[in-house]
Structure formats: structure tokens, C-alpha cells
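Accompanying notes for the structure given below.
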């Protein structure tokens, strides 16, 4: 296992995906295992969640990939709302207005709360697993 964690030139594989800016600084954007591949396009859940969390009536949200026979994966969005009048269509419309078409969730599910770790991090793996 340790050997798999390192590249031949000594770098450690963390599973994080980062972007390097023009000054050489790296910013971590997401985890590789959480990336959703929709029709060959990479979708980072954090990017989607950052946009949707700005939707009026949304407290927090989490995006996961679900199997899709046609696209490989589709996006399922779990939403905790502050406004009970907020509908799936309202969230979908907000997504269509603020995201590229392939990043718009195919499924939207409202929850009272999202599963979290002891430190408050949303547990996407629990959202991915069927109940």
C-alpha cells in the first residue's frame, strides 16, 4: 500500500485534485474519488455545491454521481432547505441559470440534514450508497 501511495519520483498521491495558478501556487479543488464524469465531462462536486449554496432558500447541499446507462454518471443533488416552499423545479431553474448544461443535476432530493463526520464534513459516500 505504501508503494502505491508514492510516485516513482517520490511525490505522495493524496487523491486530491488541484489547480496551479500562474504564480505556481496550487489550490485544492476536490477529491479525485468524488469527481463525477457526465458524458466524458469532469464535474467537481465542490464547484457545483458552491453555486447551489447561493440559491435563496438553500442552507447546504451535496452532489454525488449516480450510475446512468446513457451518460455514465448523472448528478444527484441533496439539498437542505430553509424555505419549505423551495421546490425541485426552483433549484433546477437556478442551476440551469447559473451552471453549464452538463453540470445541471438530473436528480434533486430534499433532506432535513446531510450526513456528516465528527468534524462537520459532509459524507458523500453515505449519500452515494443505496438505503
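Numbering (our numbering), first residue to last: 19 to 149.
We put the beta carbon where it would ideally sit given N, CA and C, even for glycine.
If you're wondering where the values come from, they're calculated on a predicted model, not measured in any experiment.
Residues near residue i in its chain [Cβ-Cβ closer than 8 Å; skip 5 each side]
i, result
"residue 149", "Summary for residue 149: the model assigns pLDDT 48, below 50, so the residue's position carries little reliability; its value from the coordinates is reported in the next sentence. Cβ neighbours of residue 149 beyond the five flanking positions: none."
"residue 98", "76, 77, 78, 79, 128, 129, 130, 131 and 132"
"residue 30", "23 and 24"
Supposed close pair residue i, residue j - CB separation, criterion 8 Å
i, j, result
"residue 77", "residue 105", "Incorrect: roughly 15 Å between the Cβ atoms, too far for contact."
"residue 51", "residue 33", "6 Å"
"residue 89", "residue 56", "5 Å"
Residues near residue i in its chain [Cβ-Cβ closer than 7 Å; skip 5 each side]
i, result
"residue 71", "78 and 79"
"residue 115", "none"
Beta-carbon gap between residue i and residue j smaller than 8 Å
i, j, result
"residue 133", "residue 93", "no"
"residue 125", "residue 59", "no"
"residue 142", "residue 69", "no"
"residue 36", "residue 25", "no"
"residue 54", "residue 91", "yes"
Cβ-based neighbour list, residue i, same chain, cut-off 6 Å, excluding 5 preceding and 5 following
i, result
"residue 19", "none"
Buried or exposed (CB count within 10 angstroms, at least 16 for buried), residue i
i, result
"residue 62", "buried"
"residue 67", "buried"
"residue 13", "Residue 13 is absent from the structure shown; the chain starts at 19 and stops at 149."
"residue 112", "buried"
"residue 46", "exposed"
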